[in-house]
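Student: Numbering (our numbering), first residue to last: 605 to 1338. Glycine included, each C-beta is placed from N, C-alpha and C at the ideal position.
1. Got a sec? Which residues, its chain only, sit under 7 angstroms from residue 1207 by beta carbon, not counting five neighbours each side?
2. Just the Cα atoms here: how many angstroms apart are residue 1020 and residue 1272?
3. Report the start-end ranges of each alpha helix (DSSP H) in the segment 619–677 that is 4 residues or longer and not cut off at the edges.
4. Should the segment 781–798 be called in touch with the segment 909–918, which here means at least 3 C-beta pairs below 8 angstroms?
5. Hey, is the segment 1051–1071 in contact with the segment 1285–1303, meaning 3+ C-beta pairs nearer than 8 angstroms?
6. When we look at the beta-carbon of residue 1324 and count the other beta-carbons within 10 Å, is it buried (16 or more) or exposed?
7. Using a 10 Å radius around the Cβ and a threshold of 16 neighbouring Cβ atoms, would you call residue 1226 buried or exposed?
8. Less than 8 angstroms between the beta carbons of residue 1124 and residue 1164, yes or no?
9. State the DSSP-derived secondary structure class of residue 1032, mapped to helix, strand or coil.
10. With three or more beta-carbon pairs closer than 8 angstroms as the criterion, would you say the segment 918–934 touches the segment 949–960?
11. Where does residue 1048 sit, in a helix, a strand or coil, going by DSSP?
12. Just checking my contact of residue 1192 with residue 848 at CB under 8 angstroms: how many whole Å lie between their CB atoms?
13. Along the chain, where does the beta strand (DSSP E) that runs through residue 1236 open and close?
14. Would the beta-carbon of residue 726 fall within 8 angstroms of that of residue 1168?
15. Looking at residue 1136 and residue 1202, is the spacing between their C-beta atoms short of 8 angstroms?
16. Residues in its own chain within less than 7 angstroms of residue 881 by CB, not counting five upstream and five downstream?
17. Alpha carbons only, please: which of 891, 818, 826 is nearest the one belonging to residue 802?
18. Decide if the segment 651–663 is in contact with the segment 632–641; the criterion is three or more beta carbon pairs, one per stretch, under 8 angstroms apart.
19. Taking DSSP as the reference, what is the three-state secondary structure of residue 685?
20. Judging by CA-CA distance, which residue of 1000, 647, 757, 705 is the nearest neighbour of residue 689?
21. Nearest to residue 932 by alpha carbon, out of 951, 942, 1235?
22. Using a Cβ-Cβ cutoff of less than 8 angstroms, which residues in the same chain neighbour residue 774 once the five nearest sequence positions on both sides are dropped?
23. Considering residue 1223, what are the terminal residues of the beta strand (DSSP E) in which it resides?
24. Would the beta-carbon of residue 1171 fall within 8 angstroms of that of residue 762?
25. Our contact map puts residue 609 next to residue 639 with C-beta atoms below 8 angstroms; I'd like the distance itself, whole angstroms only.
26. Mind checking which residues open and close the beta strand (DSSP E) that includes residue 614?
27. Per DSSP, what are the beta-bridge partners of residue 821 in this structure?
28. Can you tell me where the beta strand (DSSP E) holding residue 993 begins and where it ends?
29. Considering only residues of the segment 911–947, which uninterrupted alpha helix (DSSP H) runs meet the minimum length of 4 residues and lie entirely inside it, listed in chain order?
30. Once the 5 residues before and after residue 749 are set aside, which same chain residues still bring their CB inside 6 angstroms of it?
31. Count the CB pairs spanning the segment 1301–1320 and the segment 860–868 that are closer than 8 angstroms, and state whether there are at least three.
32. Tell me the residue span of the beta strand (DSSP E) that contains residue 719.
33. So if DSSP puts residue 1262 in a beta bridge, which residue, or which two residues, is it bridged to?
34. With a CB to CB cut of under 7 angstroms and the five nearest residues on each side skipped, what residues in its chain are close to residue 1198?
35. DSSP three-state call for residue 860: helix, strand or coil?
36. What are the boundary residues of the alpha helix (DSSP H) that includes residue 713?
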């Protein structure tokens, strides 16, 4: 029966008497000594089905008198669930040692075995998964978490439970994000600042580059100014505050949801260390546990290597900055009038596309780096997984956000001023913010990367496994045999099913990790810079509806079966999400305080505007803000190598132009208004972060991590257990 086999080992057909053939035989002999039943099927490759003896699982149940008797979907032939069987057999296979002190991973590295995998279950796959979960038409249906647990194990089930919960609450965040965006559209043309920019047809601005760039009128940016106000308004501040609260409530509610789920599964007090020790003893009764240890030398080496990798990632971000500087210079010298007029926007968009390609490439490279940084030798698989998670997320965070951090907080603030620009290699001057405001650059960058990640990346994620599966199926021709042999092999019910499982895409220990990482990075994009891109929750919500079914289809139809892992939480990812929540408060506070024009507008409104004196006026309180935010510059003060147009237009012949900054006209030093705005930015940042963090902590306190019903259930179980134990106590006779 094809369902009786716990694992399948695959090997090339080696020459009789060869070193690889001898090593393979020694490994299989070790399995036979442990009571494993082995079945061999020969095709283009050799397939070995292995089945563990029943006493192994009886030992497991004796060592861990836990919830296995109540677990899901036990097969008729076994007392333990299929997921537990697979997990135990996989552990024994991975830790069986040959007389040459080689394990299965060593033999795979030496090409003795090609791969090892558990088999999909045909009936379970069709009845419990496909009809309810792994197809596109069920995109809005509830997930069968219990069935997922019974087939893939608790860890995968918790991933989909978390992803479903995250998507559910994203629906609420996306409604508020869409509301903020719609409000921005409704006030698109009503902003006093936008009106002044559109009417500023006599305000002459400094050239945007060194090589014969023309002077231009402020009114040329009328459309961009309206778009900027659509993003940069009072509603953005409120939405950023809401998202800080949402991130906290989401995590607290997930902790409650998780407590309910694992209590139902009777895994609340389950211990990963204890199960691993039990399986070690089943595999080798003489096993000695690996002691806890810490090496300061190893930790120092790891920290140094991590810092080197972070420095490399920051260097890549600098390279992207240089690209934008050079691209801006080249676009402004283009023969195409369209490219010259939109040079700044094109530089931002192409820079964002290049940043996306960098993310795709570095995602693979940083994974290799993280694997190489395992010099601290973790004691258990869980510890190894946690260490890997922290390293790879750190690398991915810098890969995804270093360029965004530069645009949000440094772009246009370290480039100097007309007559004294900061230059790269003494030649190309650092780029300035978009003429309509710095937040426009951040909006374009966020929108480009988010849309590309949620369209192209998903298409690649779906199509590549399909193409690989089809290619592998075509690449494996059937072995030609005699007619008699073909008839004999056709009678074997296992061969076809083993081959079909082998042709699926390979999985590894960190396959689920990749899915978690993708969603956590998306969560970062959704929360950290949401003040600059209110549509991020909307796009994330749509993406997640697709992602749930995409992951389900991959796991059921395109990949081999994962080795089920038992778990009672999502692991260290919870701490990562909490850290992102703190970064979201800091990031959004900085975006509003530094990147946005919200603070300068408020300073003008309450200190310098027509309304500042407290007198009622028919004028808008932001009347005159544009002139207030501009500084004057004398053309004669340009640097000597600045190549101005040979013939200045009529409106620029007075020799005075303007630029966005707060500087004196005489010596270009900062004005008192600059220091007022600077103080207001700092005060707002401190106030925003303290208020937002206080709200987060109050929300975390107000919503208990564990529901009272769960606590009462655990209390009743403890009481019942003690009552049963009391029955065996014989009272002394008086």
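Tutor: Taking the coordinates as given:
1. 1280, 1281, 1284
2. One C-alpha to the other measures close to 10 angstroms.
3. Qualifying alpha helix (DSSP H) stretches, in chain order: 623–637, 658–667.
4. no
5. no
6. exposed
7. buried
8. no
9. strand
10. Yes: the two stretches touch, three or more of their Cβ pairs being nearer than 8 angstroms.
11. helix
12. 7 angstroms
13. 1234–1238
14. no
15. no
16. The answer, listed in chain order, is 893.
17. Of the listed residues, the one whose Cα sits closest to residue 802 is 826.
18. yes
19. strand
20. 757
21. 951
22. 1130, 1141, 1144, 1145, 1148
23. Where residue 1223 is concerned, there is no enclosing beta strand (DSSP E), given that its DSSP letter is neither H nor E.
24. The Cβ atoms of residue 1171 and residue 762 sit closer than 8 angstroms to each other.
25. Their Cβ separation, rounded to whole angstroms, is 15 angstroms, which puts residue 609 and residue 639 out of contact at 8 angstroms.
26. 611–615
27. 808
28. Residue 993 -> not in any beta strand (DSSP E); alpha helix (DSSP H) instead, spanning 985–1013.
29. 941–945
30. 761, 765
31. yes
32. 719–721
33. 809, 1236
34. 1013, 1285
35. Taken through DSSP and simplified to helix, strand or coil, residue 860 comes out as helix.
36. 708–713
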